[in-house]
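Quick notes on the structure that follows.
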Amino acid sequence: MSFVTVFDIVNSFRLKIRAGEKRLNEQVTGGYASDLLSDVIAHSRKGNVWITIQTHPNIVAVAMMKELSGIILAGGREPDADTIQKAEEEEIPILVSPLFTFEVVGKLYQMGISGMG
Amino acid sequence: MAGVENHIRFQEVFHIQGGNFTNAGSISSRVKEILKRAGLSDKVIRRTSIATFEAEMNVICYADRGNLSLLITPHFLKVVVDDEGSGIHDVNLAMREGYSTANEKIRELGFGAGMGLSNIKKNTDEMLLTSKFRQGTHLEFVIYLDKQNEG
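So the protein sequences, as listed, match chains A and U. Okay, so the first sequence: first residue is 27 according to the numbering used here, each after it adds one. Okay, so the second sequence: first residue is 105 according to the numbering used here, each after it adds one.
What follows is the structure in structure tokens.
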């Protein structure tokens, strides 16, 4: 398990915060990257940060269900307005990056976050 | 089964609105909260959450409306989902991982990968699925509470 927090990730590659600012001190246990929600439901683990290009409110439901530490939207995608609202209510951090999924995952690996946490 | 009914710890029925993607996941979140409050093990909570989320999504994606009932006894929990909607033409085919009849809209949202029913199967101890095509689907699954090794 890494000792990286969501805040550390935001800082180290300057992600924009779109929701859940109060919960950035959460410890990141690992990462998972997928755009299929059933895949994330099946394989992500508690405390993982999730990298996806999905922007609709159901990503917040998945993050809540799996107790993920945060969601990174890759490829410069912006969350829908109702996604932001739901994420604020549920205190799920949503971060956006202009980088594509592959680059985001590579940077997270360099920070010591792995997929098996 | 009379003996079982005497030992029901919890029973509730939730309504699911077909096509309502905005509130998707809200029933499974409530079920998860109930299991946490009931003090069930992490593994039971994790498996039930996955199976319930998938069952809820199936109603939202493919049905007009449905009900999900949760029953907790000292030894097992049971979830029954009945819906009115498109039904399943071939249940055996639907159970195959990767098989899906989802339309483009559902797939764009990241659903309809053909993983839902197999996710349910993998995370439950007993599963029963029956359907009348163009009418509706009946799903029930059981998770035993006292056979779970933590992990």
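Glycine included, each C-beta is placed from N, C-alpha and C at the ideal position.
With respect to residue 242 (chain U), residue 186 (chain U) sits close: the two C-beta atoms are nearer than 7 Å. Taking CB atoms only, residue 126 (chain U) has a neighbour in chain A less than 7 Å away.
By the Cβ rule, the stretch 82 to 100 of chain A counts as touching the stretch 123 to 143 of chain U, because three or more pairs are nearer than 8 Å. Annotation: the stretch 46 to 107 of chain A contains the following complete segments of the beta strand (DSSP E) (minimum length 3 residues), in chain order: 56 to 59, 74 to 78 and 96 to 99. Each residue's CA atom was taken as its position, placing residue 204 (chain U) and residue 218 (chain U) some 5 Å apart. Residue 239 (chain U) carries a coil assignment under DSSP once its states are collapsed to helix, strand and coil. The shortest C-alpha to C-alpha distance from residue 144 (chain U) to any of U:129, U:196, U:215 and U:176 is the one to U:176. C-alpha of residue 95 (chain A) to C-alpha of residue 59 (chain A): approximately 13 Å in a straight line. Within chain A, the residues placing a beta-carbon under 9 Å from that of residue 136 (chain U) are 90 and 91, ordered along the chain.
Residue pairing for residue 231 (chain U): DSSP places it in a beta bridge opposite U:245. Comparing C-alpha distances from residue 191 (chain U) to each of U:125, U:129, U:121 and U:238 shows the shortest one belongs to U:238.
In the structure shown, the three-state DSSP call for residue 167 (chain U) is strand.
Under DSSP, residue 132 (chain U) shares a beta bridge with no residue. Sorting U:199, U:149, U:129 and U:139 by C-alpha distance to the C-alpha of residue 157 (chain U) places U:129 at the top. Here residue 56 (chain A) is buried, its C-beta having at least 16 other C-beta atoms within 10 Å. Within the same chain, Cβ atoms closer than 6 Å to the Cβ of residue 117 (chain U) are found at 171 and 173, the five residues on either side in sequence being excluded.
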